[in-house]
Amino acid sequence: MLDQLDELYREVILDHFKSPTHSGELPEAQVKVDGANPLCGDELTFYLKTDGGRLARVRFHGKGCAISQAAASMLAGQLEGQTVDEARRVIEAMKGLMQGREPPESLDLGDLEALAGVRKFPVRVKFAALSRNVVEQGLQQVIGVR
Numbered sequence: 004m005l006d007q008l009d010e011l012y013r014e015v016i017l018d019h020f021k022s023p024t025h026s027g028e029l030p031e032a033q034v035k036v037d038g039a040n041p042l043c044g045d046e047l048t049f050y051l052k053t054d055g056g057r058l059a060r061v062r063f064h065g066k067g068c069a070i071s072q073a074a075a076s077m078l079a080g081q082l083e084g085q086t087v088d089e090a091r092r093v094i095e096a097m098k099g100l101m102q103g104r105e106p107p108e109s110l111d112l113g114d115l116e117a118l119a120g121v122r123k124f125p126v127r128v129k130f131a132a133l134s135r136n137v138v139e140q141g142l143q144q145v146i147g148v149r
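Here our numbering is used: the first residue of the sequence shown is 4, the next is one more, and so on.
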C-alpha cells in the first residue's frame with residue numbers, strides 16, 4: 004500500500020512538472036519576488052496580485068528540477084484565492100509535511116500532500132522548500148502593499 008502511495012505522489016509531482024498550473028509571468032502583480040538555490044541552480048519568481056485582502060492571482064516562472072518546479076506549481080494553485088493568513092497556514096502546513104508532521108484536518112493541502120514523500124530524501128527537501136521560502140518573502144511584501 005505504501006508503495007502505491009509513493010507511486011501516486013511521484014505521478015502528481017511529474018504531472019505538475021510536465022504541465023505546470025499557474026505558470027507564467029503576471030505583469031499586473033503588485034508583488035514580484037525571486038529566489039534561487041545556488042547549490043543546484045533552481046530559480047523561481049513568484050508573482051502575487053491581491054484584491055480585497057486575497058491573493059487574487061498567483062503565478063510563477065522558473066527553471067530547475069522536477070521537485071522545485073512541481074512544488075511551485077502546486078503551491079501557486081493552492082494559494083490562489085486565499086487570504087494572507089490562510090496562505091500562511093498553508094505554507095506552515097507544507098513546511099510541517101516535509102518534516103513529517105500531519106497537516107491539520109481542517110486544512111486541505113490538495114496536491115501539496117504529494118510532497119510528503121520528499122522528506123524521505125533530506126537533500127531534496129530544499130528543492131521543494133524553495134517555493135515556500137520565496138512565497139513567504141512575497142507575503143511579507145503583500146502585507147506592506149495593503
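Note that the Cβ used here is the ideal one computed from N, Cα and C, for glycine as well.
| Check | Outcome |
| --- | --- |
| Pick from 70, 49 and 79: whose alpha carbon is nearest that of residue 144? | 49 |
| Taking only runs that begin and end inside the region 36-103, name each unbroken beta strand (DSSP E) of 3 or more residues, in chain order. | 45-54 and 57-66 |
| Tell me, please, whether the region 45-61 touches the region 105-120 by the rule of three or more beta-carbon pairs shorter than 8 Å. | no |
| Assuming contact is defined by CB atoms lying nearer than 8 Å, are residue 12 and residue 131 in contact in what I supplied? | no |
| Just to confirm before moving on: does the CB-CB distance between residue 96 and residue 20 stay below 8 Å? | no |
| What do you reckon, are the CB atoms on residue 65 and residue 83 nearer than 8 Å? | no |
| Taking residue 36 and residue 137 to be in contact with their CB atoms under 8 Å, please state how far apart those CB atoms are, rounded to whole angstroms. | 6 Å |
| Please report the straight-line C-alpha distance between residue 183 and residue 24, rounded to a whole angstrom. | Coverage of the chain is limited to positions 4 through 149, which leaves residue 183 absent and any answer about it impossible. |
| Would you kindly check if the distance between the Cβ of residue 70 and the Cβ of residue 16 is under 8 Å? | yes |
| If you run the structure through DSSP and keep just helix, strand and coil, what is residue 134? | helix |
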